[in-house]
Every structure is written in C-alpha cells, then in structure tokens.
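Remarks on the structure that follows.
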Amino acid sequence: MKISCQYFPYKNIQRIEDIISATVSLLLIKTNIIMERRRHLSREEMLRAVGMIEAGSRQRTVALALNTSQSVISRLWTRYRSTDTVAERHGGRYRCTTRRQDRYIQILTRRAPTITAMMLAVRLHHSSGNLISDQTVRNRLHEVNLHSRRPLRVSPIAMHNRRIRYQWALEHRNWAEEQWRFVCFSDESRFGMRPDTRRIRHWRTPGRQQRLKSCQEVHPYSGGTIMVWAGIWIGGRTELIWIRGNLNAQIYAETIVSDVIVPLQVQIGPLFQLMHDNARPHTARVVRQTLAAANINVLPWPAQ
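Quick note: the sequence shown uses UniProt numbering, first residue 1, plus one each step.
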C-alpha cells in the first residue's frame, strides 16, 4: 500500500519503528478504527513498558503496543527514573526519608536497643543531612514492628556462672514429676509497707504541681519493711514464717531449719531435698551442720 507523506506527523523519520508507528496511526485514521486507549496499566504491563524502553524502543511505540497514550508511558518512565519503581504513588504526604535512610535507622536501633528516637534523628542528620522529627523515627521503627518497651529486669549473672547454670538445667531437664515431688523450694523476701513504685501519674494543668491532689506522700525506707519465709513443693506449702529483724545464720538455723525443715522432711519422706539459694545465712557453717545432723540433702544451686 502506498502511503502519502502528508499523513505522517513527522517530516524527518529515520528509524524504522517511527515508520511503523506512523503507519499504524494512519491506518486507524483512514479506516475510522479508533480504539479506546487505556489510562491505567497493570503491574505486568508497566514492567513490560519499562523493559521495552530500556531495550531502546520509543515511548510512542510502547504506547501503541500497550494500547495507551504516550503521556501514560511518559509519566511511567519519569516515575520509574525518580523512584526506581513502577508502583503508582498513593495520595498523601511524601515520605521524608528514603529506603536507605530507613534501613540506616533500623540498623542503628538493632545495634543499640537503648538509643532514643531523638538520638536516632540526630545521627541521621549528621550522616545524610536529612533533618526529621523523633516521631518520624518512631513511625519508621513501627513499620518494621520495633516498639519501645521497658526492658526485662534480670539478675546480674557472670558468664562463668551462666555456663554452670545451663549445665545444671541440662542435668535436671529430664527429671520426672516423681523426682521433683520430693524437692521443697524455699526463699525469703522483704516487702515495704508503703512502697513507692513511681508508676502513679496525675492529670493536671501547668502550675498546679503544688496542689495536694497532685502530690504523693513518700515515706522514708518505704514506711518500714517486713521479711517473710516460705517453702513450696508439689504436694503443698509451708506456713508463712515472719522473721523479726534481719535474717542471720543463727536465726535461719533455729527458726527455719530446726522448726520447719526438719519436721517437713519427716512428712515428705527420706527422699526429701531442700532447695535454697546461696545467700550467706543459707551457706553458713552452723546451717550446714544443722542440715547434716538431720540428714537433709540440699539440691545444688549454681551461684550468680
């Protein structure tokens, strides 16, 4: 078919694909076959369009192949070059951090879990020059399920004693219930009459801090303390023993071992074992002699 040059939109056509594109457009016009062009492409079609452009095709050729307008392909290519993705941006405020900066915040947080959001914002500003708020830092961490929580309170245990405790756990993890039935776990604790947990909060307006409703009474030494001792085993528990004053080895041997532990051994049986920690009143010579005289076995307990 002979095509007149007057129908071509361009006078100087050098590439074959321009000729094909112009010919297809001319055929559509001459035959009055005008297909409805789509304004939206699927993700697969977007990726195909980007691949064709990277392979050297012109935007007009890609638009004809995907039955869309050149403006759609132009916006797609511009978005891909600026964001490195074909996904369309949804409405809303632009993100003030890049993916690389988000990963930087996450890495710093995982390396130093106690770092604050303000410190993370300062570190990011020093490294990239991007100044963001501490709330933005929290939002980025919440996106990867990182939240600020109070740390778990644990006892300080030396590394050597950690290995010993782990070995102790391996030796006793296969104990049956019948073996644990004869073990009595015991300990003493001290409680304050009026403890100050500092967890009580007040809703008030500024300048009202001195009002009585906004004050909390604080008693010296928690208003006095009391110490109690008790023991438990699978079959029951002991009575709560009130200890007057401080607990020393002599009081522990007379009040606890002689008056409670020895009768408890007779009640449970000859396989009875006592478990108490390595506090000084428990490991004193007088206590060890009292336990040995009554033939009471003590379950070894690793130190901290």
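Glycine included, C-beta positions come from ideal geometry on N, C-alpha and C.
Computed from a predicted structure; not experimentally measured.
- Of the candidates F272, P113 and Y94, Y94 places its Cα closest to the Cα of I132.
- Per DSSP, A176 lies in no beta strand (DSSP E) segment and is marked neither H nor E.
- Look at D259 here: in three-state DSSP terms it is helix.
- Secondary-structure assignment with DSSP links R190 through a beta bridge to M227.
- Secondary structure of R93 (DSSP, three-state): coil.
- In the structure shown, G236 adopts extended strand secondary structure according to DSSP, grouped into three states.
- The three-state reading of DSSP puts Q59 in helix, counting H, G and I together.
- The shortest C-alpha to C-alpha distance from G224 to any of M193, I251 and M118 is the one to M193.
- Note that the C-beta distance between I105 and T114 is not below 9 Å.
- Under a 10 Å Cβ-count criterion, E171 is classified as exposed, with fewer than 16 other Cβ atoms of the shown protein chains found around its own Cβ.
- One Cα belongs to A284, the other to V137, and the distance between them is close to 54 Å.
- For V144, the secondary structure class from DSSP, reduced to helix, strand or coil, is coil.
- The DSSP-derived three-state label of V154 is coil.
- Two segments are said to touch when three or more pairs of C-beta atoms, one from each, lie closer than 8 Å; by this definition the stretch 241-256 does not touch the stretch 144-155.
- Assignment of V183 by DSSP, reduced to helix, strand and coil, places it in the strand class.
- The Cβ neighbour count for H276, taken over all protein chains shown within 10 Å, is at least 16; the residue is labelled buried.
- Residue pairing by DSSP leaves M118 without any beta bridge partner.
- Scanning Q273, V260, P300 and Q267 for the CA closest to the CA of A279 turns up P300.
- For M52, same chain residues with a beta-carbon under 8 Å away, outside a window of 5 residues either side, are T61, V62 and A65 in chain order.
- With the rule of 3 Cβ pairs closer than 8 Å, the stretch 286-298 counts as touching the stretch 251-258.
- Cβ neighbours of D134 within its own chain (closer than 7 Å, five residues either side excluded): A117, M118 and A121.
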